[in-house]
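Read the structure below first, then the notes.
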Amino acid sequence: MTLIDKCPGTINIRTPTIEIKNCPECGEEVEIFSDEKKATCKCGFTIFNDLQSCIEWCRYAEECIGEEQFRKLKK
Ligand SMILES: [Zn+2]
């Protein structure tokens, strides 16, 4: 078994999907990618992705999603 292939927590990061969120400021729909931590609405409001991911705590996360993506999300 390869841990890196089986880890389910990073599926949204390795295979990004688009989610629609409603801006709490103006009610506009804002597209946010599942591998992005935040998106900016037309009105300028920053919407954070409620990405609860194992990358926050998993010690294999860096190997799992790749160093580049890991650094981007940990910032
Ligand atoms: Zn807005």
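Residue numbering for the sequence shown follows the numbering used here, beginning at 55 and increasing consecutively.
Just so you know, even glycine gets a beta-carbon here, dropped at the ideal spot from N, CA and C.
As the structure is a prediction and not an experimental result, all values here were calculated from the model.
(message) Among Pro78, Gly81, Ile101 and Cys61, whose alpha-carbon lies nearest the alpha-carbon of Phe87?
(response) Checking every option, the nearest Cα to that of Phe87 belongs to Ile101.
(message) I need the DSSP call for Asn66, collapsed to helix, strand or coil.
(response) For Asn66, the secondary structure class from DSSP, reduced to helix, strand or coil, is helix.
(message) Could you compute how far the alpha carbon of Arg125 sits from the alpha carbon of Glu116?
(response) Between Arg125 and Glu116, the C-alpha separation is close to 8 Å.
(message) Tell me the rounded alpha-carbon separation between Ala93 and Val84.
(response) Ala93 and Val84: Cα-Cα distance of roughly 7 Å.
(request) Could you tell me whether the Cβ atoms of Cys61 and Glu82 are closer together than 8 Å? (result) Not in contact: Cys61 and Glu82 (Cβ atoms no closer than 8 Å).
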